[in-house]
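Undergrad: Chains A and B, in that order, are what the protein sequence lines are. Sequential numbering from 1 applies to the first sequence in the numbering used here. Sequential numbering from 1001 applies to the second sequence in the numbering used here.
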Amino acid sequence: MRRSWQTAEVSSTRPETARARTLRLRLPDVVTGVPGQHVDLRLTAEDGYQAVRSYSVAAWVPPRELELTVEELDDGEVSPFLVGVLSVGDQLEVRGPVGGWFTWTPDRAGPLQLIAGGSGVVPLMAMLRSHSEARSAVPVRLLYSVRSPDAVFYRGELAVIGQENTQVMIDIAYSREAPDGRPAGRLTHEAVTASCFPPSDAPSVYICGSTGFVETVAAWLVEDGHDAGRIRTERYGG
Amino acid sequence: MDDTRHHPLDQEHLDGNALAGALEQFVSDLTSAECTCAGCGSSAPLAAALLYAKAPGMVLRCPTCTGVLLCLTDQGGRQVLTVDGVRHLVIGKP
């Protein structure tokens, strides 16, 4: 782990949705990290004003690169710049990877239950990618709650993983607008229960999303009989 | 004659330098440490506590009683960590 700030360069970008894009950053040194970790980015304005924000790592690209997916927030101070302005070749200050609790490695016991609200899918995608790369035999279920079909991150890659990897089941729940023939509506307790491993399977559960999403879903799972000690949560600022 | 200096116990103490290795464990990732709240006595990883980052500085509150566990403030470029609300921090798997 690096504790000091280092300068990274944007090596490529790609859009995920109309409001989100993935940034690939190249660091000066070899970087190793664990799925679920994040990095801090520090931006400095011409007048010296600095802003620091945390972003989950979506993918590790050895030896020196990593990817972040950033969604533009309406009242954001940093995200509109990262999504709309930053270009290949630009530099950013990066600290990390950091964090050691909301992390998963293929040696962790039990099936893996991932539950994402919106852009909370980013660190869970790092776990899913790690699971695929390790050809892990651990069964995985991902429940991804999202507003509408055009807000889905990693759509093509999720479809491929869901079809090709028999260990992985992916459910996407649409809250406002759904593809043809599917219901849309607020995520319910019943829908969450139906998309999760039962408590008897003792899954390791990771929930990431807005504070309200995380607290609501975690409370439902505890009500269903899941051990609170196996549920790990990460809230992001709205 | 200085009593303290020649107290038998006094011959046995080292100094904080000898803790450097043991304390390194708390540096690698403090957010995984199990924190016991000095207010209500409940325990949870620091990562599961509630962070209020829009306060002047960062305020971390107990997820059970919402009492303040710790505050991190920038004071002229120096980072000051106040830990009044923490009874203990435990590193390592149970």
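Even glycine gets a Cβ: it sits at the ideal position worked out from N, Cα and C.
Mind the definition here: the stretch 69-86 of chain A touches the stretch 130-139 of chain A only if three or more C-beta pairs lie below 8 angstroms; say whether that holds.
TA: With a cut-off of 8 angstroms, the stretch 130-139 of chain A and the stretch 69-86 of chain A do not count as touching, because too few Cβ pairs lie within range.
Undergrad: In angstroms, rounded to a whole number, what distance separates the CA positions of THR233/A and VAL94/A?
TA: Taking the first sequence and counting its residues from 1, the one referred to as residue 233/A is at position 233. Taking the first sequence and counting its residues from 1, the one referred to as residue 94/A is at position 94. So the alpha carbons of these two residues sit roughly 24 angstroms apart.
Undergrad: Do ALA1049/B and CYS1062/B have their C-beta atoms closer together than 9 angstroms?
TA: Your numbering for residue 1049/B matches position 49 in the second sequence. Your numbering for residue 1062/B matches position 62 in the second sequence. Contact flag set, yes.
Undergrad: Classify ARG108/A as buried or exposed, calling it buried when 16 or more other Cβ atoms lie within 10 Å of its own Cβ.
TA: Reading the first sequence from its first residue, position 108 is the one you call residue 108/A. ARG108/A should be labelled exposed.
Undergrad: Count the other C-beta atoms from every protein chain shown that fall within 10 angstroms of the C-beta of GLY33/A, then say buried if there are 16 or more, exposed otherwise.
TA: Within the first sequence, residue 33/A is the residue found at index 33, counting from 1. Flag for GLY33/A reads buried.
Undergrad: DSSP has MET125/A in a bridge; who is on the other side?
TA: Here residue 125/A is taken as the residue at index 125 of the first sequence, counted from 1. Answer is none; MET125/A lacks a bridge partner.
Undergrad: If we cut at 9 angstroms on Cβ distances, does ALA1047/B have a partner in chain A?
TA: Translated into positions along the second sequence, residue 1047/B becomes position 47. So, interface residue.
Undergrad: Helix or strand or just coil, what does DSSP make of ALA313/A?
TA: This structure cannot settle anything about residue 313/A, because the visible part of chain A is limited to 1 through 238.
Undergrad: Any beta carbon from chain A within less than 9 angstroms of CYS1031/B's own beta carbon?
TA: Within the second sequence, the letter at position 31 stands for residue 1031/B. Sequence inspection shows Thr at residue 1031/B; the Cys mentioned does not correspond to that position. Yes, contact with chain A.
Undergrad: Please report the distance separating the alpha-carbon of VAL83/A from that of ARG24/A.
TA: One-based indexing of the first sequence puts residue 83/A at position 83. One-based indexing of the first sequence puts residue 24/A at position 24. Each residue's alpha carbon lies about 12 angstroms from the other.
Undergrad: Under 9 angstroms between the Cβ atoms of LEU158/A and VAL140/A?
TA: The residue given as residue 158/A occupies position 158 in the first sequence. The residue given as residue 140/A occupies position 140 in the first sequence. No, the pair does not count as a contact, with Cβ atoms beyond the cut-off.
Undergrad: Compute the Euclidean distance between the alpha carbons of SER204/A and HIS226/A, then round it to the nearest angstrom.
TA: In the first sequence, counting from the first residue as 1, residue 204/A sits at position 204. In the first sequence, counting from the first residue as 1, residue 226/A sits at position 226. In a straight line, the C-alpha of SER204/A is about 10 angstroms away from that of HIS226/A.
Undergrad: Is CYS208/A near VAL122/A, with beta carbons less than 9 angstroms apart?
TA: Residue mapping note: residue 208/A aligns to position 208 of the first sequence, counting from 1. Residue mapping note: residue 122/A aligns to position 122 of the first sequence, counting from 1. It is a contact, given that the beta carbons lie within the stated cut-off.
Undergrad: Starting from PHE102/A, find everything on chain B with Cβ-Cβ shorter than 8 angstroms and list it in chain order.
TA: The residue given as residue 102/A occupies position 102 in the first sequence. Those within 8 angstroms of PHE102/A in chain B are ALA1047.
Undergrad: Can you give me the C-alpha to C-alpha distance between CYS1040/B and LEU1089/B, rounded to a whole angstrom?
TA: Counting from one through the second sequence, the residue named residue 1040/B turns up at place 40. Counting from one through the second sequence, the residue named residue 1089/B turns up at place 89. Going from the Cα of CYS1040/B to the Cα of LEU1089/B covers about 15 angstroms.
Undergrad: Going along the chain, which residues of its own chain have a beta-carbon closer than 6 angstroms to the beta-carbon of ASP171/A, five neighbours each way excluded?
TA: Taking the first residue of the first sequence as 1, we reach residue 171/A at position 171. So the list reads LEU143, SER195, once near-sequence residues are dropped.
Undergrad: Identify, in the order they occur along the chain, each residue of the same chain with its Cβ nearer than 8 angstroms to the Cβ of ARG1078/B, setting aside the five sequence neighbours on each side.
TA: Counted from its first residue, the second sequence places residue 1078/B at position 78. So no residue of the chain qualifies.
Undergrad: Would you kindly report the start and end of the unbroken alpha helix (DSSP H) that includes ALA1044/B?
TA: As a working note, residue 1044/B is residue 44 in the second sequence. It is not in any alpha helix (DSSP H) - ALA1044/B instead sits in the beta strand (DSSP E) that spans 1043-1045.
Undergrad: What are the boundary residues of the beta strand (DSSP E) that includes HIS1088/B?
TA: What you label residue 1088/B is simply residue 88 of the second sequence in a count that begins at 1. Segment 1086-1090, the beta strand (DSSP E) holding HIS1088/B.
Undergrad: Can you list, in chain order, the residues of its chain with a C-beta nearer than 6 angstroms to that of ASP90/A? Leave out the 5 residues immediately preceding and following it.
TA: The sequence position of residue 90/A within the first sequence is 90, counting from 1. These residues qualify, in order along the chain: VAL10.
Undergrad: So, does the CB of VAL217/A fall closer than 9 angstroms to a CB anywhere in chain B?
TA: Reading the first sequence from its first residue, position 217 is the one you call residue 217/A. Judged by the 9 angstroms Cβ criterion, VAL217/A is not in contact with chain B.
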